[in-house]
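Report on one structure; see the data block that follows.
Numbering (this note's numbering), first residue to last: 22 to 446.
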């Protein structure tokens with residue numbers, strides 16, 4: 022960072038590494054390990070190399086103490102800033118690599134692996150793609166859309182759940198209308214790429230709340246809403262997802278991919294105790310809020326229910342108790358989750374009951390979790406072992422069922438009944 026000032030910066034009393042936050046959307050997390058000041062520049066040493074094509078943002082929070090801040094030699098403090106764009110001087114020479122291809126109904130999605138996003142302006146024409154399904158009606162591509170690291174092909178018909186689909190892409194030999202990243206590296210052609218058929222998915226939309234909601238909540242509406250990724254939220258719900266600052270609407274975890282296209286990310290809105298709508302996003306296989314297990318279904322079920330009768334009065338849960346299921350690749354394994362919520366609900370953890378009935382915060386260091394304020398959204402990171410104490414079905418069967426609350430508890434742990442010696446700190 023280069024500052025403009027009449028005098029040099031103070032090279033002795035400067036801000037600590039913890040005052041800075043570096044982000045690279047959709048890529049491995051970055052932390053600051055060292056801070057050095059010389060002249061009018063502040064140099065941050067990062068914990069990993071930054072690749073060409075990564076889009077970095079930097080935030081600086083001025084510490085409340087007067088000594089360890091960015092300041093000039095005369096003692097004038099530099100102001101805090103948030104999400105400052107960082108110029109990446111490293112040339113990006115790595116082309117996007119195809120990571121996966123999936124089809125559900127008439128949507129065929131290609132997910133690419135690259136440090137940069139794909140170019141969403143100069144994109145390949147529909148004629149560059151060929152889709153085949155042996156023994157079935159011909160398939161053509163009607164349109165091509167690019168978002169983040171995904172290419173979505175809209176097909177001329179729905180694909181049946183039993184069809185075996187293959188895809189070919191021929192990179193045009195002239196012009197710039199190709200699959201490429203934002204720095205101009207072209208993806209290569211491929212032939213007869215196997216496409217994972219996820220079936221035809223729809224979600225029934227429950228009746229909206231009313232005075233008789235308890236009587237009608239289980240009755241389905243008389244229409245069906247498209248649900249491309251077959252999770253607990255329809256496309257329409259996930260298209261309204263609210264993510265961290267800078268994320269596009271519909272991207273609840275700011276990974277550059279629309280939530281409706283990801284099986285491991287589910288976004289929906291819940292009603293708080295004050296009858297307000299509050300957006301939440303669940304990420305399965307999470308690493309710093311980004312899913313590293315994109316093939317996993319985030320939830321085959323998601324529901325909200327009232328808190329148990331014997332709940333501590335000090336537990337404030339504006340969105341009550343949420344229950345979800347996640348399917349794992351390996352039975353008995355431990356899976357990491359992130360739950361994004363609105364900080365306005367005042368949550369200080371992801372609270373669950375342990376085997377003794379004590380409410381504990383899985384999003385805390387003793388349980389391997391943490392809480393992060395990410396771009397104006399509160400991210401609760403926690404992990405659960407299949408068949409372990411916090412898997413409510415109690416079976417190591419490859420499915421984790423969890424029931425907890427993004428809530429505020431004024432005491433670190435508290436038993437469900439208020440009894441003698443019923444509290445621990």
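By construction, the Cβ of each residue, glycine as well, lies at the ideal position given by its N, Cα and C atoms.
Comparing alpha carbon positions, the residue from 208, 81, 36 and 28 closest to residue 107 is 81.
Annotation note: the segment 100-125 contains no uninterrupted alpha helix (DSSP H) run of length 4 or greater. Taking the Cα positions, residue 23 is about 38 Å away from residue 306. Under the three-state reduction of DSSP, residue 339 is assigned to coil, being neither helix nor strand.
Excluding its 5 nearest sequence neighbours in each direction, residue 418 has C-beta neighbours in its own chain below 8 Å: 352, 407 and 408, listed in chain order. Under the three-pair Cβ rule at 8 Å, the segment 134-141 does not count as touching the segment 182-192. With contacts defined by Cβ atoms closer than 8 Å, residue 53 and residue 43 form a contacting pair. Counting of Cβ neighbours within 10 angstroms places residue 365 among the exposed residues, the total staying below 16. In the DSSP assignment, the residues bridged to residue 421 are 347.
Using a C-beta cut-off of 8 Å, the segment 297-304 makes contact with the segment 280-289, since at least three inter-stretch Cβ pairs fall below that distance. Membership of residue 214 in the beta strand (DSSP E) is indicated by the continuous run 211-218.
Burial check for residue 394: the Cβ neighbour count within 10 Å stays below 16, so the residue is exposed. Note that the C-beta distance between residue 430 and residue 335 is below 8 Å. Counting the other Cβ atoms within 10 Å of the Cβ of residue 185 gives fewer than 16, which makes it exposed. Note on residue 276: 16 or more other CB atoms within 10 angstroms of its CB, so buried under the neighbour-count rule.
Residue pairing by DSSP places residue 388 in no beta bridge whatsoever. A check of alpha carbon separations from residue 357 across 341, 384, 31 and 376 identifies 384 as the nearest. In this structure, residue 389 sits near residue 404, with a CB-CB distance shorter than 8 Å.
Beta-bridge partners of residue 356 (DSSP): 405.
One alpha carbon belongs to residue 161, the other to residue 75, and they sit about 34 Å apart. Cβ contact annotation for residue 32 (same chain, cutoff 7 Å, sequence separation greater than five): 58 and 59, in chain order.
Within the segment 280-321, the runs of beta strand (DSSP E) at least 3 residues long that lie entirely inside it are, in chain order, 286-292 and 298-305. Here residue 365 carries a helix assignment [DSSP, helix/strand/coil]. Distance between residue 288 and residue 177, taken at the CA atoms: about 28 Å.
For residue 258, the uninterrupted alpha helix (DSSP H) segment begins and ends at 256-259.
Taking a cut-off of 8 Å on C-beta distances, the segment 166-173 touches the segment 127-135, as three or more cross pairs fall below it. When the beta-carbon positions are compared, residue 61 and residue 29 come within less than 8 Å of each other. Judged by DSSP in its simplified three-state form, residue 146 adopts coil rather than helix or strand.
When DSSP reads this structure, residue 93 sits in a beta bridge with 30.
Secondary structure at residue 164: strand, using DSSP grouped into helix, strand and coil. Membership of residue 62 in the beta strand (DSSP E) is indicated by the continuous run 62-67.
The criterion of a C-beta distance shorter than 8 Å is not satisfied by residue 55 and residue 109. Annotation for residue 379: the continuous beta strand (DSSP E) segment containing it runs 379-382.
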